[in-house]
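Once you know that position 22 of the sequence shown is 23 in the numbering used here, the rest is easy, because the numbers rise by one and skip nothing.
Here is the structure we will look at.
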Amino acid sequence: PAVVMEGTAIVISPLIALMKNQVDQLQSLGVNAQFLNSTLSKSEANKVKKETIAKKVKLLYVAPESLTKEETVSFLQDAHISFIAVDEAHCISEWGHDFRPEYRRIKTIVQQLGDHPIIALTATATPKVQLDIMKNLSMEDAALFKSSFNRTNLYYEIRPKQDIKKQLIRFVKEQKGKSGIVYCLSRKKVEEIAEFLKVNDIN
């Protein structure tokens with residue numbers, strides 16, 4: 002919808018680490034996407050704002066911490082917004098597993114931006130959390146779309162851990178021509194494993 006609709010879609014996302022990846026991917030597809038978060042310098046942020054006001058940006062990813070700043074609200078009031086998407090919407094609920102207090106301010110800020118369509122997205126919301134999201138975003142009359150948590154293309158397998166790095170190399174080489182995701186508990190560990198894979202000729 003963001004690509005075909007007039008104006009800029011505002012995507013509120015708490016995942017600063019993934020914003021750049023998502024924006025890079027969209028840009029590689031010819032979509033002018035940008036992000037506003039604490040990693041940008043003042044001049045970089047101003048450039049993004051200028052492009053958005055000039056209606057050159059189709060998707061603008063904003064961290065909730067950036068969204069709550071007065072200068073960001075003021076800038077967005079001047080932007081031509083197509084719709085607002087709240088990603089990881091379970092963060093708005095105190096009943097959710099990943100509650101973020103700044104998400105509670107989204108409703109007030111969105112109201113200051115005018116009357117725009119809003120969509121809230123999450124993959125991890127119990128019925129109680131769903132109701133809380135809808136209440137906290139004033140979306141009580143919204144259409145609710147749900148899909149099963151049972152993903153037939155995914156399965157879980159537990160293997161004994163021995164030499165984890167050797168096991169990882171062997172496993173990746175067995176999946177030749179396929180892509181995958183390696184999850185780690187910290188960004189530091191992710192960087193370490195990524196470097197280890199590169200050294201072993203795995204992209």
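We put the CB at the ideal spot given by N, CA and C, even for glycine.
None of these values were measured; they are calculated from a predicted model.
Quick check on this structure: which residue in the options has the alpha carbon closest to the alpha carbon of residue i?
i    : options                : result
I119 : D88, T127, D99         : D88
L145 : R160, A126, V191, K174 : A126
G178 : K147, L77, I203, R101  : I203
I159 : R152, Q168, P2, A3     : Q168
E71  : C92, Q113, W96         : Q113
L16  : C92, E7, E52, K51      : C92
A90  : Q78, S149, P65, P161   : P65
K190 : G181, S139, T53, I165  : I165
What number of angstroms, rounded off, separates the C-alpha of residue i from the C-alpha of residue j?
i    : j    : result
G31  : D25  : 10 angstroms
E103 : A143 : 22 angstroms
S187 : I170 : 20 angstroms
I141 : F76  : The amino acid at residue 141 is misidentified as Ile; the sequence shows Glu. Between E141 and F76, the C-alpha separation is close to 28 angstroms.
I134 : T123 : 10 angstroms
N154 : L68  : 36 angstroms
K129 : N151 : 20 angstroms
F197 : A55  : 43 angstroms
E95  : V200 : 43 angstroms
Q23  : S29  : 10 angstroms
M6   : C185 : 37 angstroms
G115 : Q78  : 8 angstroms
E45  : E52  : 11 angstroms
H81  : S149 : 35 angstroms
T40  : E193 : 21 angstroms
R105 : K43  : 26 angstroms
Pull up the CB-CB distance for residue i and residue j, whole angstroms please, since I reckon it's below 8 angstroms.
i    : j    : result
I85  : V49  : At roughly 17 angstroms, the Cβ-Cβ gap does not stay under 8 angstroms, so I85 and V49 are not in contact.
L27  : A18  : So it is not a contact: roughly 16 angstroms between Cβ atoms.
V12  : L37  : Rounded, the Cβ-Cβ distance is 10 angstroms, inconsistent with contact.
V58  : T9   : 5 angstroms
K174 : N137 : Between N137 and K174 the Cβ distance is about 47 angstroms, and since that is not below 8 angstroms, they are no contact.
A121 : L60  : Not confirmed; about 16 angstroms, so no contact.
From the DSSP output, read off the bridge partner residues of residue i.
i    : result
I11  : L61, I85
I120 : A86
Secondary structure at residue i, three-state DSSP: helix, strand or coil?
i    : result
A144 : coil
A34  : strand
A55  : coil
L41  : coil
V183 : coil
L155 : coil
T69  : coil
Q163 : coil
N22  : helix
Q176 : coil
I203 : coil
R105 : helix
Nearest chain C C-beta to residue i closer than 7 angstroms, yes or no?
i    : result
T123 : Any reference to chain C falls outside this structure, which holds one protein chain only.
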